[in-house]
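S.K.:
Residue numbers (the working numbering): 187 to 485.
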């Protein structure tokens, strides 16, 4: 009697199904999912809110470059509905997942529930980075329960505790700045590929004589060109460890046209990697196309 013909195809079907199941399990074990890979990439959260320097336009261009060419994840948080909205930066809870927080703020008056996310991040001891007007990130009126936040720059970055305090000023909007590497810091990883000297259109911020703190490491020195008052050279970039134990990088650069300077771009990217305890990129992927004009304060 002939064997039934339907059994052999059934056996082949079962064998094929078993092989496919094994291969699926093997691939899942050997190759992590894209979600898992993404989670392994450090997350850099940029917090933007300044009236004058268009940080909400320049920093997203930096962030896009970090994602495209340098293997990082980024998230941009901005004042809403525009740069003049001093009392609202939605999404600050993202700081809970951040590996690095980068601040570019000017005279905000955020509500306590939003300040709480920033405070929580600072207390975590995770690294912080700041640009220019973050020396005076907040501007609460005298007697306000949140007035202590006016000294955010001092707490987070080792800057003067607000505009006009401890001699914190600048040398006029018609001045510009020559920047040079401080010789003692020339081999710092953050300065990899940064020119020994370059020129930026921003006006020099005065932070001396009391800032940055004595235990900070100053990297770059600025000299005012065509100042409107007697000027002294001032650090424009430094590293520090703040009282929460966080690694810090701060620069008083940040005029939108400063970011057209490739040395400033390199400084920014290198600083982010250094703060993340990663080697600075061995291969620079080239100048970033940043063409954001100076807007000034527009109501």
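Each residue gets a CB set at the ideal place from its N, CA and C atoms; glycine is no exception.
Since we're looking at a predicted model, the values are computed, not measured.
Using a Cβ-Cβ cut-off of 8 Å (strictly less than) and excluding sequence neighbours within five positions of residue 301, which residues of its own chain qualify?
M.R.: Taken in chain order, the residues that qualify are 332 and 335.
S.K.: Counting pairs of Cβ atoms below 8 Å between the stretch 290 to 310 and the stretch 453 to 463, do you hit three or more?
M.R.: Not touching, per the Cβ criterion.
S.K.: Assuming contact is defined by CB atoms lying nearer than 8 Å, are residue 344 and residue 436 in contact in what I supplied?
M.R.: Yes, they are a contact pair.
S.K.: Compute the beta-carbon to beta-carbon distance between residue 365 and residue 422, rounded to the nearest angstrom, for a pair I have assumed lies under 8 Å.
M.R.: That pair is a contact at about 6 Å.
S.K.: Residue 340: buried (16+ other C-beta within 10 angstroms of its C-beta) or exposed?
M.R.: Answer is buried; the Cβ neighbour count reaches 16.
S.K.: At 3 residues or longer, what runs of the beta strand (DSSP E) sit wholly inside the stretch 324 to 389?
M.R.: Segments of the beta strand (DSSP E) lying fully in the stretch 324 to 389: 362 to 367 and 383 to 386.
S.K.: Between residue 439 and residue 401, what straight-line distance do the alpha-carbon atoms span, to the nearest angstrom?
M.R.: Taking the straight line joining both Cα atoms gives about 21 Å.
S.K.: Check for me: the beta strand (DSSP E) holding residue 260 runs from which residue to which?
M.R.: Segment 259 to 264, the beta strand (DSSP E) holding residue 260.
S.K.: Where residue 367 and residue 420 are concerned, what is the direct C-alpha to C-alpha distance, given to the nearest angstrom?
M.R.: Roughly 12 Å separates the two Cα atoms.
S.K.: How should residue 346 be labelled, buried or exposed, when 16 other C-beta atoms within 10 angstroms of its C-beta is the threshold for buried?
M.R.: When all chains shown are included, residue 346 counts as buried.
S.K.: Taking the C-alpha atoms as reference points, what is the distance between residue 284 and residue 262?
M.R.: Answer to the nearest angstrom: the Cα atoms are 11 Å apart.
S.K.: Indicate whether residue 476 and residue 319 have their beta-carbon atoms separated by less than 8 Å.
M.R.: No. Outside cutoff.
S.K.: Please report the residue range of the alpha helix (DSSP H) in which residue 255 lies.
M.R.: First-last of the alpha helix (DSSP H) with residue 255: 241 to 255.
S.K.: Taking all protein chains shown into account, decide if residue 380 is buried (16 or more other Cβ within 10 angstroms of its Cβ) or exposed.
M.R.: Burial call: buried.
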